[in-house]
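Trainee: Sequences listed follow chains A and B, in order. According to our numbering, the first sequence is numbered sequentially starting from 2. According to our numbering, the second sequence is numbered sequentially starting from 249. Using N, Cα and C, we set each Cβ at its ideal position, and we do this for glycine too. Note that this is a predicted model, so its numbers are computed, not measured. Encoded as structure tokens, here's the structure I'll be asking about.
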Amino acid sequence: MKTEQNQKLRRFIINSLLINEGIAYLFLVPVVAFHVWSNISVSGEQLGILIFSIPAGVLFSFLPTVYFNYTMLKPVRDYFNRYLSGRTIKDNEYEKALKNFLLLPYRKAFNGAFNWVTGLAIVFIPLFIYTDVSAIQIVNIVFLLFIAISLGTVIYFFTMELHTQKHLNIGAFPRWIDQLKLPRLNTSTKMAVAFLLAATTPFLLLLSYFLVYITTPNIEINVLVNKIIVISIIGISLAFMLSFLLIKSISLKLAAVKDTARNVGAGDLMAEVQRTAVADELQDITNAMAVMKESLNDIIYQVKTASSEASVGSEQMSSSSEELSQAATEQASHLEEITSSMEEMGANINQNADHAMETEKIARQASQDIEAGGEQVRNTVRAMKDIADKTSIVEEIARQTNLLALNAAIEAARAGEAGKGFAVVAAEVRKLAERSGQAAKEIGELSVTSVEVAEEAGKMLKKIVPDIRKTAELIQEISAASKEQRAGAAQINQAIAQLDQVVQQNATSAEEVSSTAEGLASQAQQLQASMGFFKTAGTGLIGDNHERNLKKPK
Amino acid sequence: MNETSKNQNSTYLTFYLDEELFGLNILLVREVLEYTAITKVPMTADFMRGVINVRGHVVPVIDLRQKFGMETIEQTVNTCIIIVELEIEGESATMGALVDGVQEVLDIAPEQIEASPRLGSRIDTRFIQGIGKLGERFVILLDIQDIFSSQELSMISSVHQQENETEQDA
């Protein structure tokens with residue numbers, strides 16, 4: 002495909018010359034020749050001049066043709082060579098080349114007009130100088146001038162337009178420049194001119210021959226018929242040729258438009274817009290389509306970018322919300338631990354409170370018991386004192402008994418042998434008395450010691466009582482504090498329950514967000530996939546492509 | 249109460265004076281009394297504490313502590329009065345001796361009695377009949393007759409006389 006196109010570019014000049022000059026000369030020269038032979042009844046003298054002037058005219062019209070073709074086609078051919086060699090092309094060179102290329106039809110048309118005017122002038126001016134030219138001949142020469150110049154111009158234009166259109170969209174001109182100030186020629190104008198020429202040329206030929214016919218008396222009918230047939234053939238072929246050129250040009254342009262539209266329809270926004278050679282209605286359409294394509298490109302590029310960003314963002318959101326959900330679940334489990342700890346603590350506090358109350362009771366009881374103990378100790382002390390008193394009585398009795406025993410012993414001793422037995426008894430009684438006295442004394446001492454001990458114990462108990470009362474009070478306070486703690490723990494439990502609810506809500510919300518984000522991600526991916534249908538080329542509005550296409554060439 | 253009976257009797261009443269143990273032959277002792285209120289008699293010797301009533305008889309009481317030069321102390325529950333029978337100028341007389349406490353009546357064999365030492369006793373050895381050994385301890389056996397001088401004895405007897413006179417008066 003590419004090589005074919007390159008081949009086409011290499012053969013640009015030859016094809017151009019063949020088609021333009023070929024069609025122009027193949028068609029026009031016979032018509033002109035026919036007209037001169039048939040309608041301008043040249044005299045012998047005039048013929049003698051024409052024999053010299055026609056070659057001179059042909060020669061003089063051929064040289065400018067060569068010159069024009071050279072000056073027109075060479076810059077284009079140079080550009081094509083440069084393009085084919087792959088060398089870099091500067092923007093201004095490219096702009097110039099494109100302008101030259103697009104001006105080819107106009108220049109060719111001017112070339113045609115100039116050639117025919119100079120050529121015919123060189124042919125016919127000597128005729129006017131050296132011979133008498135009849136009025137009919139003058140009219141017919143004017144007709145000839147009109148036919149040749151107008152047809153030459155129009156055919157050159159149409160063929161060159163077709164030719165440039167064929168070479169415009171094959172790669173040599175990759176980008177379009179809107180700001181080239183080129184003359185505009187509407188398709189409607191071209192059609193009108195084509196129809197006019199297709200109609201007027203045979204008419205003028207016929208009119209011209211009619212003038213010859215009425216001035217020449219003996220013309221046979223079959224000659225007339227032949228002439229009419231020839232003129233009709235010329236008219237039909239002219240109409241056919243002009244229509245062909247026009248239709249071919251329009252259909253090529255429509256194909257270019259169709260290609261562009263099909264590319265856009267297939268989502269290929271990177272493909273270049275197929276351009277049209279001459280500024281006309283179809284070029285308006287292609288320009289509009291180019292703008293449409295650029296706008297679409299921009300929008301879709303932005304949508305693509307946004308959708309990829311949305312995809313990434315929603316994925317991030319999804320993962321973030323999953324993390325959030327996880328964290329919330331962890332929080333919930335921690336809260337459960339806290340709750341169980343709090344319940345344990347509450348149970349401990351309750352136990353403490355119960356224990357404190359029990360301890361308080363016990364302390365009160367102990368206080369009462371100790372008071373009772375103190376009373377008992379006092380009783381004991383009294384009893385001990387009584388015992389001491391009683392032992393002193395016993396002691397007294399023992400002493401007196403002792404004395405009595407002594408006295409008895411004295412009496413027995415004084416009685417001599419007679420009192421010996423009595424003395425023994427008295428001694429025994431004395432011993433008993435002494436022992437009982439000793440025992441009583443010991444008991445007394447013991448009781449005194451006991452009293453001291455008991456009094457000490459009583460004092461200690463008395464001292465203990467306020468301590469125990471204080472303990473009881475403190476324990477009461479502890480009990481009250483425990484109750485407050487219990488209330489506080491209950492409040493904390495309530496708060497934790499509320500917190501737990503909130504955390505669970507958070508977890509649910511996070512899960513919802515996560516699923517939403519996942520949905521969003523899939524939708525964004527779907528959107529991306531959908532947008533993948535379009536092949537875009539960067540951001541046109543701020544990118545290089547658009548700028549180069551639209552703004553740079555000023 | 250002749251000398252032999254006196255000598256033959258080896259039973260003694262032991263008593264305390266200022267922690268020391270003294271002994272009196274039982275034949276001289278009539279009885280032992282608890283301490284009772286002593287009626288002071290004016291114009292008598294210091295050791296004469298006064299008189300007491302013993303079943304109707306006035307008996308003078310002397311303080312042996314004071315007599316022996318020991319410091320006087322307040323009486324205790326153990327303080328006793330030993331009623332002693334004395335022979336003054338051929339007449340028998342009773343006298344109370346205030347002692348710290350009476351111990352017991354016991355026999356001290358003559359072998360256990362040694363003569364009074366010549367030195368180192370607070371009491372004039374004149375009064376000491378001997379020293380009885382009771383195991384580890386010593387008992388100073390007193391000769392109560394010799395404790396008092398004749399003048400003192402006369403004082404004691406005079407008290408008796410007065411008493412006798414009052415009895416007679418009564």
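Which whole runs of the alpha helix (DSSP H) in the segment 384–442 of chain A are 4 residues long or more, in chain order?
Mentor: none
Trainee: Which residues, in chain order, does the segment 277–288 of chain B contribute to contact with chain A at a C-beta distance below 7 Å?
Mentor: Val-277, Glu-279, Val-280 and Glu-282
Trainee: Could you tell me the alpha carbon to alpha carbon distance between B/Ser-340 and B/Ile-331, rounded to whole angstroms?
Mentor: 13 Å
Trainee: Are three or more beta carbon pairs between the segment 141–149 of chain A and the segment 35–53 of chain A nearer than 8 Å?
Mentor: At 8 Å Cβ cutoff, the stretches touch.
Trainee: Distance cutoff 8 Å, beta carbons only. Does B/Thr-259 sit that close to anything in chain A?
Mentor: A Cβ of chain A is located within less than 8 Å of the beta carbon of B/Thr-259.
Trainee: For B/Thr-284 versus B/Ile-300, is the C-beta spacing smaller than 8 Å?
Mentor: yes
Trainee: What first and last residue would you give for the alpha helix (DSSP H) that runs through A/Met-73?
Mentor: 45–86
Trainee: Just verifying my parser: in three-state terms, what is the DSSP assignment at A/Val-219?
Mentor: Per the sequence shown, residue 219 of chain A should be read as Asn rather than Val. A/Asn-219: coil per DSSP, three-state reduction.
Trainee: Please go through the same chain and pick out, in chain order, the residues whose beta-carbon is closer than 6 Å to the beta-carbon of A/Ala-195, but skip the five residues on each side of it.
Mentor: Leu-243 and Leu-247
Trainee: Under 8 Å between the Cβ atoms of A/Leu-462 and A/Gly-347?
Mentor: no
Trainee: I'd like the span of the beta strand (DSSP E) that includes B/Pro-358, first residue to last.
Mentor: Careful: B/Pro-358 lies outside any beta strand (DSSP E) and carries neither H nor E.
Trainee: Looking at A/Leu-169 and A/Ala-262, is the spacing between their C-beta atoms short of 8 Å?
Mentor: no
Trainee: Looking only at C-alpha atoms, which of A/Val-32, A/Glu-435 and A/Ala-511 sits nearest to A/Leu-207?
Mentor: If you compare the alpha carbons of A/Val-32, A/Glu-435 and A/Ala-511 with that of A/Leu-207, the shortest gap goes to A/Val-32.
Trainee: Mind pulling the chain B residues with CB within less than 7 Å of A/Arg-400?
Mentor: Val-325
Trainee: From which residue to which residue does the beta strand (DSSP E) around B/Pro-308 run?
Mentor: 305–311
Trainee: Please list, in chain order, the chain A residues whose beta carbon lies closer than 9 Å to that of B/Val-350.
Mentor: Asn-403, Leu-404 and Leu-407
Trainee: Contact criterion: CB-CB distance below 8 Å. Does B/Lys-254 meet it with respect to chain A?
Mentor: At B/Lys-254, the pLDDT of 45 sits below 50, so the modelled position is not reliable; the number obtained from the coordinates is stated separately. With respect to chain A, the C-beta atom of B/Lys-254 has no partner C-beta closer than 8 Å.
Trainee: Using the rule of at least 16 other Cβ atoms within 10 Å of the residue's Cβ for burial, across every protein chain shown, is A/Lys-294 buried or exposed?
Mentor: The residue is buried, with at least 16 neighbouring Cβ atoms inside 10 Å.
Trainee: Since B/Leu-382 meets chain A, which of its residues come closer than 9 Å, beta carbon to beta carbon?
Mentor: What B/Leu-382 touches in chain A: nothing, since even the nearest Cβ is about 15 Å away.
Trainee: Are the beta-carbon atoms of A/Ala-354 and A/Lys-484 separated by less than 8 Å?
Mentor: yes
Trainee: Is it buried or exposed for A/Asp-281, if we count other Cβ within 10 angstroms and need 16 for buried?
Mentor: buried
Trainee: Which whole-angstrom value is the C-beta distance of A/Ala-199 and A/Leu-239, which I expect to be below 8 Å?
Mentor: 5 Å
Trainee: Looking at the C-beta of B/Val-353, does it have a partner C-beta in chain E at a distance below 8 Å?
Mentor: Of the chains in the structure shown, none is chain E; the protein chains are A and B.
Trainee: Kindly indicate the opening and closing residues of the beta strand (DSSP E) around A/Leu-161.
Mentor: What sits at residue 161 of chain A in the sequence shown is Met, not Leu. No beta strand (DSSP E) contains A/Met-161, which is instead part of the alpha helix (DSSP H) from 136–169.
Trainee: Please report the straight-line C-alpha distance between A/Ile-230 and A/Asp-79, rounded to a whole angstrom.
Mentor: Going from the Cα of A/Ile-230 to the Cα of A/Asp-79 covers about 47 Å.
Trainee: Beta strand (DSSP E) containing B/Gln-377: first to last residue?
Mentor: Where B/Gln-377 is concerned, the enclosing beta strand (DSSP E) stretches over 376–382.
Trainee: Leaving out the 5 sequence neighbours to the left and right, which residues in its chain are closer than 7 Å to A/Asn-187 when beta-carbon positions are compared?
Mentor: Excluding residues within five positions, the ones whose Cβ falls inside 7 Å are Asp-281 and Glu-282.
Trainee: Beta-carbon within less than 6 Å of A/Leu-18's beta-carbon, same chain only, minus the 5 sequence neighbours each way: which residues are those?
Mentor: none
Trainee: Where does B/Tyr-264 fall in DSSP's three states?
Mentor: strand
Trainee: Please classify A/Gln-8 as buried or exposed, where buried requires at least 16 other C-beta atoms within 10 Å of its C-beta.
Mentor: exposed
Trainee: With DSSP as the reference, please indicate the residues paired to A/Gly-533 in a beta bridge.
Mentor: DSSP output for A/Gly-533 lists no bridge partner at all.
Trainee: Is A/Gln-275 helix, strand or coil by DSSP?
Mentor: coil
Trainee: Closest to A/Leu-10 by CA distance: which of A/Val-503, A/Ala-136, A/Gly-172 and A/Ser-515 is it?
Mentor: A/Gly-172
Trainee: Quick check on A/Thr-472: does DSSP put it in helix, strand or coil?
Mentor: helix
Trainee: Do the segment 306–316 of chain A and the segment 443–454 of chain A meet, that is, are 3 or more Cβ pairs less than 8 Å apart?
Mentor: no
Trainee: Helix, strand or coil: which one does DSSP assign to A/Asp-501?
Mentor: Of the three classes helix, strand and coil, the one that applies to A/Asp-501 here is helix, per DSSP.
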